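Structure first, then comments.
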Amino acid sequence: MKPIRIGVIGTGSISESHLNAYSRNPKSVITAICDVNEERARQVAKKYGADKTYSDYRELLADPDIDAVSICTWNNTHAPISIAALEAGKHVLVEKPLARTVEEALLIEKAVRASGKLLQVGFVRRYDPNVQMLRRFADNGEFGELYYAKASTIRRLGNPGGWFADIERSGGGPLIDIGVHVIDLCWYLMGRPKATTISANTYHKLGNRSNVKHLSFYKAADYDASKNTVEDLANAIIRFENGASLMVDVSFSLHAKQDEGSVKLYGDKGGFEIDPKISIVTEKYDTILNIQPQTDSEAGFTGDPAFVEEINHFIDCIVNGTKQISPVEDGVEIMKILCGIYESAAKGEEIRL
Ligand SMILES: NC(=O)c1ccc[n+]([C@@H]2O[C@H](COP(=O)([O-])OP(=O)(O)OC[C@H]3O[C@@H](n4cnc5c(N)ncnc54)[C@H](O)[C@@H]3O)[C@@H](O)[C@H]2O)c1
């Protein structure tokens, strides 16, 4: 069988995780690299042995030697590039968030349906081996009905600057950038219930804290601290049609003692934690049990192994028609929740979806 020929569009920080995973997949071959920064694209093409380099994604998409693309560009380009790729007959793996708005997300969904091609949303945390392990417990009813979840990703100093901090290009701040991961994780593990109401707040109090010295943090490939139009902090309570609820808070800047991540889900038969490390809680014979699953890593997000699983699944879906783990419709539902949070915060009241 001929390997799936891959084009990677956008060669900043996260593209490395895609490229490493494709290089390890025997059923795919990295064929072309594209970045508006031509030099960056050339260096990456050389490193990963890609034959072709482009600085305009439209030229890459017109190349008949490409079967599928990974889109690792700024959020404002996810919709136009995804739609053009689908129309050009390519399968698409697009980084999270699917888009900046629900309208953009729906246009992508329409293009998926019209093209008959695959689009996978890069909800990488779903693919983490530990998450898939816990999902099996949840699917088999070990926790009963999951009625409450709590998710938090707090960065005290973590505004990546550049396009991340420019609302026109990002669509929002920590909520759409890092909140998307933990909201999606809880929603996916709770069985994708329909969200009905949202009450949320966003704050612009500390700015990007680019004045702070002696601490390093994640930065966009083209870091620039001069512009910051995104929130520092967002919090929300989301209610679902089945009565379940999710409480979330996320920040780029906060006077917190340290960075912190926690993802915890509670059911009527048991509960489990993903961040900061995996564990299971249950009750048996009138005794509470805290159970430590034995896996290679106790981390809720293992990094590379999750990206490898994500890319392997993408190729598997293309080659074998395997059922998708993160299809476009899930990307659309998550956009409804994220945009609902921004809408509720802007109105200062609960909104109904
Ligand atoms: N899954 C994850 O854990 C994760 C982590 C970080 C970022 N991301 C997502 O990945 C995407 C990229 O983030 P990043 O951190 O790599 O950003 P980055 O700024 O480091 O890199 C983005 C790259 O895209 C290029 N680019 C922008 N517009 C382009 C276009 N029209 N055509 C070609 N190239 C273009 C830029 O020149 C840059 O090299 C974002 O959507 C982000 O949300 C996901």
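For the sequence shown, the working numbering begins at 775 and goes up steadily by one.
Cβ coordinates follow ideal geometry from the N, Cα and C atoms, glycine included.
Here the structure is a predicted model, which means the values were calculated and not measured.
Check: For the beta strand (DSSP E) that contains Ser1053, what are its first and last residues?
Finding: Under the DSSP assignment, Ser1053 falls in the beta strand (DSSP E) whose first and last residues are Ser1053 to Lys1058.
Notebook entry, point to check: From what residue to what residue does the beta strand (DSSP E) around Asp1049 run?
Noted result: Where Asp1049 is concerned, the enclosing beta strand (DSSP E) stretches over Gly1044 to Asp1049.
Next item on the list: Compute the distance between the beta-carbons of Arg929 and Asp996, then report whether it is under 8 Å.
Entry: Not closer than 8 Å, so no.
Check: Should the region 1002-1011 be regarded as contacting the region 939-949, the criterion being three or more beta carbon pairs within less than 8 Å?
Finding: Touching, yes, given that three or more Cβ pairs across the two stretches are closer than 8 Å.
Next item on the list: Check whether the Cβ atoms of Ile783 and Ser829 lie closer than 8 Å to each other.
Entry: Taking 8 Å as the Cβ cut-off, Ile783 and Ser829 do not qualify as a contacting pair.
Check: Lys924: which of Pro967, Leu908 and Ile1048 sits nearest, CA to CA?
Finding: For the residues Pro967, Leu908 and Ile1048, the minimum Cα distance to Lys924 belongs to Ile1048.
Check: Rounded C-beta distance between Ala842 and Lys864? I'm assuming under 8 Å.
Finding: The Cβ separation is near 6 Å, so the contact holds.
Checklist line | Arg798 classed as buried or exposed, judged by whether at least 16 other C-beta atoms fall within 10 angstroms | finding: Burial call: exposed.
Check: Nearest to Leu1020 by CA position, among Gly915, Leu1039 and Asp951, is which residue?
Finding: Ranking Gly915, Leu1039 and Asp951 by Cα distance to Leu1020 puts Leu1039 first.
Item checked: Between the CA atoms of Ile1111 and Gly1122 - distance to the nearest angstrom -> Cα to Cα, the separation comes out at about 16 Å.
Checklist line | Option in Lys987, Thr976, Pro1067 and Pro934 with minimal Cα separation from Tyr1116 | finding: Of the residues Lys987, Thr976, Pro1067 and Pro934, the one whose Cα lies closest to the Cα of Tyr1116 is Thr976.
Next item on the list: Could you check the C-alpha separation between His1087 and Lys979 for me, to the nearest Å?
Entry: Distance between the alpha carbons of His1087 and Lys979 is about 41 Å.
Next item on the list: State yes or no: is the C-beta of Arg779 within less than 8 Å of the C-beta of Ile855?
Entry: It is not a contact, given that the beta carbons lie outside the stated cut-off.
Checklist line | Span separating the alpha-carbon of His852 from that of Ala873 | finding: When only Cα atoms are considered, His852 and Ala873 end up about 6 Å apart.
Checklist line | Near ligand 1: Asn811 beta-carbon under 7 Å from a heavy atom | finding: Indeed, a heavy atom of ligand 1 lies less than 7 Å from the Cβ.
Next item on the list: Could you work out which residue in Val954, Ser1025, Arg1013 and Thr970 is closest to Arg983 when comparing CA atoms only?
Entry: Comparing Cα-Cα distances from Arg983 to each of Val954, Ser1025, Arg1013 and Thr970, the minimum goes to Ser1025.
Next item on the list: Compute the beta-carbon to beta-carbon distance between Arg900 and Tyr962, rounded to the nearest angstrom, for a pair I have assumed lies under 8 Å.
Entry: For a cut-off of 8 Å, the C-beta gap from Arg900 to Tyr962 is around 5 Å, short enough to register as a contact.
Note to self: Tell me whether Gly1131, by its Cβ, gets closer than 7 Å to a heavy atom of ligand 1.
What the structure shows: Nothing can be reported for residue 1131: it is not among the residues displayed for the chain, which extend from 775 to 1127.
Next item on the list: For Glu1084, I'd like the list of residues in its chain whose CB is within less than 6 Å of its CB, leaving aside the five on either flank, ordered along the chain.
Entry: Within the same chain, Glu1084 has close Cβ partners Val898 and Tyr901.
Item checked: Pick from Met1109, Ile1125, Ser1118 and Ala1120 that is closest to Val876, judged by C-alpha positions -> Taking Val876 as reference, the option from Met1109, Ile1125, Ser1118 and Ala1120 with the minimal CA-CA separation is Met1109.
Check: Using the beta-carbon count (16 or more within 10 Å), is Thr1096 buried or exposed?
Finding: With fewer than 16 other Cβ atoms within 10 Å, it is exposed.
Notebook entry, point to check: For ligand 1, is there a heavy atom less than 7 Å away from the beta-carbon of Gly786?
Noted result: Answer for Gly786: yes, Cβ within range of ligand 1.
Next item on the list: State the Cα-Cα distance for the pair Ile941 and Tyr1059, rounded to the nearest angstrom.
Entry: Ile941 and Tyr1059: Cα-Cα distance of roughly 53 Å.
Check: So, Thr927 versus Ile952, is the Cβ gap smaller than 8 Å?
Finding: Yes, the pair counts as a contact, with Cβ atoms nearer than the cut-off.
Notebook entry, point to check: Which residue or residues does DSSP assign as beta-bridge partners of Ile941?
Noted result: Bridge pairing for Ile941: absent [DSSP].
Checklist line | C-beta atoms of Gln1066 and Ser1053 nearer than 8 Å | finding: Against a cut-off of 8 Å, the Cβ pair of Ser1053 and Gln1066 comes out as a contact.
Margin query: Would you say the beta carbon of Cys1091 is closer than 7 Å to some non-hydrogen atom of ligand 1?
Written below: Proximity of the beta carbon of Cys1091 to ligand 1 is not indicated: no heavy atom of the ligand is located closer than 7 Å.
Margin query: On the DSSP letters alone, give me the boundaries of the alpha helix (DSSP H) that Leu893 sits inside.
Written below: First-last for Leu893: Leu893 to Gly896, but that is the beta strand (DSSP E), not the alpha helix (DSSP H).
Checklist line | Cβ distance (whole Å) where Lys1043 is taken to contact Gly1074 below 8 Å | finding: Contact between Lys1043 and Gly1074 fails: their C-beta atoms lie close to 21 Å from each other, not under 8 Å.
Next item on the list: Check whether the Cβ atoms of Ile1089 and Lys826 sit closer than 8 Å, and answer yes or no.
Entry: No.
Item checked: DSSP beta-bridge partners of Met1021 -> DSSP lists Lys924 and Ile1011 as partners of Met1021.
Check: How would you write the range of the beta strand (DSSP E) that Ile845 sits in, first residue to last?
Finding: Its beta strand (DSSP E) spans residues Ala842 to Ile845.
Item checked: Terminal residues of the alpha helix (DSSP H) in which Gly1114 lies -> For Gly1114, the uninterrupted alpha helix (DSSP H) run begins and ends at Val1102 to Lys1121, by DSSP.
Notebook entry, point to check: How many angstroms separate the CA atom of Pro1101 from the CA atom of Ser990?
Noted result: Each residue's alpha carbon lies about 35 Å from the other.
Check: Using the beta-carbon count (16 or more within 10 Å), is His988 buried or exposed?
Finding: Exposed, because fewer than 16 other Cβ atoms sit within 10 Å of the Cβ of His988.
Check: What's the gap between the Cα of Asp1070 and the Cα of Gln906?
Finding: Distance between the alpha carbons of Asp1070 and Gln906: 14 Å.
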